[in-house]
Amino acid sequence: MSHFHVVIIGGGGTGGALAHDLTLRGLKVTLVERGEVTSGTTGRHHGLLHSGARYAVKDKESAIECIEENTILRRIAPGTFEENDGLFVAVTDEDVAYSHSFIEGCGDCGIPAQRLTKEEALRLEPNLSEKTIMAVRIPDATMDAMRMPLRFFATAKKNGASVKPYTEVREILRQGNTVTGVKVVDHTSEKSYEIGADLVVNAAGPWCGKIADMVGVEVPIRPSPGVMVAVRGRWCNMVINRLNTSSDGDIVVPQRGLSVIGTSSWVVDDPDKLGLPSDHIQAMYDHGALMLPAIKDAPMRAAWSAARPLIGPRKADADTGRELSRTFKCFDHIDEGVEGFVTITGGKATTLRGMAEAAANVVCQKLGVDEPCRTRDVVLLPYTAYYA
Ligand SMILES: Cc1cc2nc3c(=O)[nH]c(=O)nc-3n(C[C@H](O)[C@H](O)[C@H](O)COP(=O)(O)OP(=O)(O)OC[C@H]3O[C@@H](n4cnc5c(N)ncnc54)[C@H](O)[C@@H]3O)c2cc1C
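This is the structure:
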């Protein structure tokens, strides 16, 4: 074991995967999360293990990250995913025209893509619209948004990581220009205390700008919310996507006996103030029903919003967030004169392990720890071990 102690701020998938990576490399790790683990964006997404096809035309870097991590996660987290694949479905001539650059983009990114006729698509998914013209089959999958990352937390805990839910960072401690730890409040007792660290990692997802503000450094983060609607009835068994550029209601993910339709996109300054616009809920119904008409009359089980941590200039307000890449980035704030403080942000739930590897490489290089990443091969404990 190295004697170095790393504090991770944020108990989403990214923080959990980083705790797993660093403990495997022999570091002492404490992870602090202001709510329950996965209570941020991680526990609120569709539950789609991306193949990367959604990004294969306009965001190839993210598409390649997704297909690589999609393959690794199936290996290290067996039993976590429904091996259901996905269909990108064309219901207009414009969608068919897009299919050419789509299939070419998938090829460029190493994503297997199989063109299907209308009849082949309807044989796989009988509830598809009669307006379906053709479809493309790709290796998407369904996962449980909370249980998949919990496997990282469970394994990290088993290997010695200390995971502290309901522990909110209120201050980053510094000596001169060096970060030395965090001051937290324990929400179960409302008591404050300090945790010393050799290095602090900001893995606070869409909140990472707020954490960076505590240190006076800049993270180019754009919290970008989206609305999702779960309707009663499992109207598809595969993940159904609209075969066109990203837009409202163009993904339907089967989750147990429900179908989750997503998502809209806008940008906010404060990830704690998202709201749930009713016209977005209606848009999920309207656009989802273009691919699966039964959705139109399906009773709503729930509607909610969550904010993506997207990398882009803070406080620009002329966009919707759709134009921003879904790739991830690790920032060593020594570039702004602050030592001992690193931020990892952006990405997808699908790329949590790759994000953790990138951040752990920076952490180990800064601390002089010469241990390789092993998370590509170590099989994770079941999620139930987190509570054991
Ligand atoms: C609408 C929508 C749909 C999506 N669908 C998918 C999908 O289907 N598949 C996919 O792969 N990705 C999807 N994503 C993206 C994915 O959900 C996110 O990229 C991912 O969950 C981010 O994880 P994270 O750990 O970086 O952030 P988070 O999960 O947000 O974790 C950050 C944590 O930091 C904590 N925190 C904040 N401030 C403090 C503090 N002061 N002290 C302590 N803790 C703090 C928060 O409580 C939070 O739990 C979707 C995103 C959205 C918005």
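Yeah, the sequence shown ends on 459 if you go by this note's numbering, and it's all consecutive.
Think of the CB as a built atom: it goes at the ideal place given N, C-alpha and C, for glycine as much as any other residue.
- Taken through DSSP and simplified to helix, strand or coil, residue 110 comes out as coil.
- Counting C-beta atoms within 10 angstroms of its own C-beta, residue 259 has fewer than 16 neighbours from the protein chains shown and is therefore classed as exposed.
- About 5 Å separates the beta carbon of residue 276 from that of residue 111, a gap short enough to meet the 8 Å contact definition.
- Taking the CA atoms as reference points, residue 91 sits about 43 Å from residue 167.
- CA-to-CA, the gap between residue 410 and residue 250 works out to about 6 Å.
- Ligand 1 never approaches residue 142 closely enough for any of its heavy atoms to be under 7 Å from the residue's Cβ.
- In terms of Cβ geometry, residue 77 and residue 272 form a close pair [threshold 8 Å].
- Of the candidates 263, 353, 294 and 189, 294 places its Cα closest to the Cα of residue 416.
- Pairing residue 298 with residue 377, the inter-Cα distance amounts to about 7 Å.
- In the three-state reduction of the DSSP assignment, residue 204 falls in the coil class.
- Residue pairing of residue 156 in beta bridges, as defined by DSSP: absent, with no partner found.
- Counting C-beta atoms within 10 angstroms of its own C-beta, residue 171 has fewer than 16 neighbours from the protein chains shown and is therefore classed as exposed.
- With 16 or more other Cβ atoms from the protein chains shown falling within 10 Å of its own Cβ, residue 208 counts as buried.
- At least one heavy atom of ligand 1 falls within 7 Å of the beta-carbon of residue 110.
- Residue ranges of uninterrupted alpha helix (DSSP H) with 4 or more members, entirely inside the region 221 to 301 and ordered along the chain, are 279 to 286.
- Taking the Cβ of residue 105 as the reference point, at least one heavy atom of ligand 1 falls within a distance shorter than 7 Å.
- Under the DSSP assignment, residue 412 falls in the beta strand (DSSP E) whose first and last residues are 412 to 417.
- Annotation for residue 85 indicates a beta carbon within 7 Å of some heavy atom of ligand 1.
- Exposed is the label assigned to residue 142, since fewer than 16 other Cβ atoms lie within 10 Å of its Cβ.
- Secondary-structure assignment with DSSP links residue 380 through a beta bridge to 294.
- Distance from the Cα of residue 307 is smallest, within the candidate group 321, 330 and 384, for 330.
- For residue 214, there is no enclosing alpha helix (DSSP H); the enclosing beta strand (DSSP E) has its first and last residue at 212 to 214.
- When the alpha-carbon of residue 118 is set against those of 218, 339 and 435, the nearest one is in 218.
- Judged by their CB atoms, residue 425 and residue 139 are nearer to each other than the 8 Å cut-off.
- Residue 239 has its CB nearer than 7 Å to a heavy atom of ligand 1.
- In the three-state scheme derived from DSSP, where H, G and I count as helix and E and B as strand, residue 75 is classed as coil.
- Around the beta carbon of residue 197, fewer than 16 other beta carbons lie within 10 angstroms, which makes this residue exposed.
- Within the region 325 to 412, the complete alpha helix (DSSP H) segments of 4 residues or longer fall at 349 to 362, listed in chain order.
- The beta carbon of residue 104 sits closer than 6 Å to the beta carbons of 82 and 236 from its chain, once the five residues preceding and following it are set aside; these are given in chain order.
- For residue 204, the CB stays at least 7 Å from every heavy atom of ligand 1.
- Inclusion of residue 319 and residue 312 in the CB contact set at 8 Å is not warranted, their separation being larger than that value.
- Within the same chain, Cβ atoms closer than 7 Å to the Cβ of residue 116 are found at 216, 377 and 420, the five residues on either side in sequence being excluded.
- Linking residue 191 to residue 182 through their CA atoms gives a straight-line distance of about 20 Å.
- In this structure, residue 173 lies away from residue 212, with their beta-carbon atoms at least 8 Å apart.
- Membership of residue 182 in any alpha helix (DSSP H) is not indicated, and neither H nor E is assigned to it by DSSP.
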